[in-house]
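Engineer:
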Amino acid sequence: MKTFKWKIILFFISILILYLIFIHDMSLKNNYIFPSYYRSFVQGFKNKFYSDQDIKVPGVLNQSRKFLILTYTNFSNGWRLPFKASSVCSFDTSNFKITYNKKQLHRSDVVIFNSRDMPPMQELERINNMRRNSQLWIYFTMESIHNNPGVNHIDKYFNATATFGVDTDIPFPYRYHKKLSKVKNINKDYFLNKTRMVAWVVSNCKINARNKLALKLISYGVDIEVSGKCAKKFPKRFFSKCQGRPCYADLRDFKFYFAAENSLCDGYITEKYWRTGLNFDLIPIVLGGSNYSDPRLAIPGSYIDAMSFDSPKTLADYILNVSSNSTKYNSFFEWKKHWKLGGYSYFCTLCSKLENGISFRTNPLLKTMNRSKCSRPQKKFNIWIKKS
C-alpha cells in the first residue's frame with residue numbers, strides 16, 4: 002500500500018515538473034510573465050536532465066510583431082535617454098517602439114537602465130522577480146568606469162551592456178564615424194589666419210592628470226590659454242564668448258585643442274575630441290586611457306596622442322614643431338577626405354543590434370565595466386608624467 006502511495010506521489014510530481022517545463026517554454030515563445038524563482042528551478046532541472054549545454058534563449062527580434070523598448074530610468078538631471086525614434090535609419094524601424102511609461106514594463110521586450118539613476122536594490126529585485134524570461138535588460142552608461150557607480154551587486158540582473166566602448170554589446174560612442182567609399186576633394190589651408198597655439202576650456206579643476214600635463218607643457222614653451230572655472234589656476238586665460246562652453250567664436254584663432262579626458266580609462270573618448278577638436282578644425286591633443294590608433298575609437302591621423310611620446314618634453318617639442326610648419330599642420334586634416342562624422346543615431350544602433358540578435362549574457366558588467374580599464378592607464382600616466 003505504501004509503495005502504491007509513493008508511486009502516486011511521484012506520478013503527480015512528474016506531472017507538475019513537466020507542466021512547469023511546458024509553461025517555461027511557452028513563456029519563451031509567447032512572452033508570458035514567468036517569475037524568476039520558477040524560471041531558475043525549471044532551467045536548472047532542464048540543464049541537469051536534458052542537456053549539459055546552455056539553454057539557448059530565443060533571439061530578441063521576432064519579425065512577426067512589434068517590439069516595445071522601455072527606458073526605465075532617465076539621466077540624473079531628468080533628461081530622457083537618447084533613444085528617440087528616428088526616421089534617418091537606413092532600414093525599417095517600424096517594428097520598434099520606445100516608451101518611458103513604467104506601466105508598460107511587463108509588456109516590454111527590452112528594458113534599458115541608466116547607470117546614474119539605477120533603481121534601489123529592492124525595486125530591482127521586485128521587478129526582476131516578475132520579468133519575462135525573454136525580456137532583455139540593458140545596462141546603459143556614458144560615464145567612465147572611474148566615475149560610474151559600482152556594478153557587482155547588480156550584475157546578476159542584466160543580460161547586455163550599452164556603453165561607449167568597443168567591447169560592449171551595443172556600442173554607443175560619443176560620436177559615430179564612417180570611412181568614405183570615395184575620396185572627397187578638399188582644398189583648404191587650415192593653418193591660415195591661426196595666430197594662437199593651444200586652447201583649453203575646463204570646469205572640473207580636480208583632475209590632477211591633465212592639470213599636471215598642461216603645466217608641464219607650459220613649462221616647455223607650449224602656449225596654452227585656458228577658459229572656464231579652472232582658468233585662474235593657469236598663467237594665461239582667455240574670455241569665452243559662449244559662457245564657458247567651447248564654440249567656434251572662441252576657438253577659430255587657435256591651432257590646437259587640449260582634449261584631455263577627465264578619466265584615463267580604456268575606450269573612454271568624449272566630445273572633447275569628437276566635438277570640440279574635430280568640429281572646429283583644430284588638432285586635438287588627446288590625453289586618455291584609450292588606444293587611439295584603433296580606428297573604431299578615433300579617426301587615424303586626426304590627433305596628437307600625448308602618451309604615445311617618450312615624455313612630456315618630446316610631446317612639447319612636437320607640438321611646437323607642428324605649430325610652425327603649415328605643411329605638417331595641414332596633414333592632420335587629411336582625414337576629412339576619407340572619413341565622415343555622424344550624429345547621435347543611438348536609436349538606429351539599438352534597433353540594428355536587436356534586429357541582428359543579441360545573446361543573453363550572464364554577468365555582462367564584470368568584464369565590460371572592469372575597473373582595471375582605468376587603473377592600468379592611470380599607472381602608465383603616473384610613470385610617464387615624471388619623465389623629462
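The letter at position 337 of the sequence shown is residue 338 when you use the working numbering, and the numbering goes up by one with no holes. For each residue, glycine too, the CB sits at the ideal point set by N, CA and C.
Leaving out five residues before and five after N148 in sequence, what residues of the same chain have Cβ atoms less than 8 Å from its Cβ?
Structural biologist: One-based indexing of the sequence shown puts residue 148 at position 147. Answer for N148: N263 and S264, listed in chain order.
Engineer: For S1 and S353, I'd like the C-alpha separation in whole angstroms.
Structural biologist: Beyond the ends of the chain as shown, which are 2 and 389, falls residue 1; an answer cannot be given.
Engineer: I want to know whether the stretch 278-286 touches the stretch 153-168 - three or more CB-CB distances under 8 Å.
Structural biologist: no
Engineer: DSSP three-state label for M198, please.
Structural biologist: In the sequence shown, counting from the first residue as 1, residue 198 sits at position 197. Correct three-state label for M198: strand.
Engineer: Whole angstroms is fine: what's the gap from K98's alpha carbon to C349's?
Structural biologist: Within the sequence shown, residue 98 is the residue found at index 97, counting from 1. Within the sequence shown, residue 349 is the residue found at index 348, counting from 1. Cα to Cα, the separation comes out at about 12 Å.
Engineer: Quick one: Cα of K230 to Cα of A200, how far?
Structural biologist: Residue numbering aside, residue 230 sits at position 229 when the sequence shown is read from its first letter. Residue numbering aside, residue 200 sits at position 199 when the sequence shown is read from its first letter. In a straight line, the C-alpha of K230 is about 14 Å away from that of A200.
Engineer: Can you give the beta carbon distance from N115 to T74, rounded, assuming they're within the 8 Å contact cut?
Structural biologist: By 1-based counting over the sequence shown, the position of residue 115 is 114. By 1-based counting over the sequence shown, the position of residue 74 is 73. Their Cβ separation, rounded to whole angstroms, is 4 Å, which keeps N115 and T74 in contact under 8 Å.
Engineer: Using three-state DSSP, classify E181 as helix, strand or coil.
Structural biologist: By one-based count along the sequence shown, residue 181 stands at place 180. The sequence as given places Leu at residue 181; Glu does not occur at that position. Coil.
Engineer: In three-state DSSP terms, what is T315?
Structural biologist: Taking the first residue of the sequence shown as position 1, residue 315 is located at position 314. Helix.
Engineer: When the Cα atoms are used, what is the spatial distance from G289 to I270?
Structural biologist: Counted from its first residue, the sequence shown places residue 289 at position 288. Counted from its first residue, the sequence shown places residue 270 at position 269. G289 and I270: Cα-Cα distance of roughly 7 Å.
Engineer: Would you mind reading off the limits of the beta strand (DSSP E) that contains E144?
Structural biologist: Within the sequence shown, residue 144 is the residue found at index 143, counting from 1. According to the DSSP assignment, E144 belongs to no beta strand (DSSP E), since it is labelled neither H nor E.
Engineer: Could I get the ranges of all uninterrupted beta strand (DSSP E) runs contained in the stretch 208-284, with 3 residues as the minimum, in chain order?
Structural biologist: 225-228 and 255-261
Engineer: Please report how far the alpha carbon of W385 lies from the alpha carbon of M143, in whole angstroms.
Structural biologist: Within the sequence shown, the letter at position 384 stands for residue 385. Within the sequence shown, the letter at position 142 stands for residue 143. Their Cα atoms are separated by approximately 27 Å.
Engineer: Taking all protein chains shown into account, do 16 or more other C-beta atoms lie within 10 angstroms of the C-beta of F361, making it buried, or fewer, making it exposed?
Structural biologist: Position 360 of the sequence shown, counting from 1, holds the residue named residue 361. Classification for F361: buried.
Engineer: Decide if S135 is buried, meaning its Cβ has at least 16 other Cβ atoms within 10 Å, or exposed.
Structural biologist: As a working mapping, residue 135 is identified with position 134 in the sequence shown. It counts as buried.
Engineer: Taking C-alpha atoms, which residue in L355, I219, R197 and R108 lies nearest to A161?
Structural biologist: Position 160 of the sequence shown, counting from 1, holds the residue named residue 161. When each option's Cα is compared against that of A161, the closest is L355.
Engineer: On a CA-only basis, which of S294, E335, Y319 and P172 is nearest S346? Give me that one, please.
Structural biologist: Position 345 of the sequence shown holds residue 346. For S346, the nearest C-alpha among the options comes from P172.
Engineer: Buried or exposed for T277, please, with buried defined as at least 16 other CB atoms from any protein chain shown within 10 angstroms of its CB.
Structural biologist: As a working mapping, residue 277 is identified with position 276 in the sequence shown. Buried is the label assigned to T277, since at least 16 other Cβ atoms lie within 10 Å of its Cβ.
Engineer: Evaluate the contact criterion for the stretch 192-199 versus the stretch 219-235: three or more CB pairs, one atom per stretch, below 8 Å.
Structural biologist: Short answer: they touch.
Engineer: Determine the direct distance from the alpha carbon of K183 to that of K337, and round the result to whole angstroms.
Structural biologist: Taking the sequence shown and counting its residues from 1, the one referred to as residue 337 is at position 336. Taking the sequence shown and counting its residues from 1, the one referred to as residue 183 is at position 182. Going by the C-alpha atoms only, they are around 12 Å apart.
Engineer: Hey, how far is the Cα of S373 from the Cα of I146?
Structural biologist: Numbered from its first residue, the sequence shown carries residue 373 at position 372. Numbered from its first residue, the sequence shown carries residue 146 at position 145. Looking at the two C-alpha atoms, the distance is approximately 9 Å.
Engineer: By Cβ distance below 6 Å, which residues in the same chain neighbour I113 in space, the five residues on each side in sequence not counted?
Structural biologist: As a first step, residue 113 is located in the sequence shown; it is residue number 112 there, counting from the start. For I113, where only same-chain residues beyond five positions count, the Cβ hits under 6 Å are T72, I139 and F141.
Engineer: Tell me the residue span of the beta strand (DSSP E) that contains L69.
Structural biologist: Indexing the sequence shown from 1 puts residue 69 at position 68. Taken as a continuous stretch (DSSP letters only), the beta strand (DSSP E) holding L69 covers F68 to T72.
Engineer: Contact between the stretch 375-385 and the stretch 296-312: three or more CB pairs below 8 Å?
Structural biologist: yes
Engineer: What are the boundary residues of the beta strand (DSSP E) that I113 is part of?
Structural biologist: Against the sequence shown, residue 113 aligns to sequence position 112. Unbroken beta strand (DSSP E) run through I113: V111 to N115.
Engineer: So L367 is in the alpha helix (DSSP H); what residue range does that whole segment cover?
Structural biologist: Position 366 of the sequence shown, counted from the start, is the residue given in the question as residue 367. From DSSP, the alpha helix (DSSP H) with L367 extends over L366 to T369.
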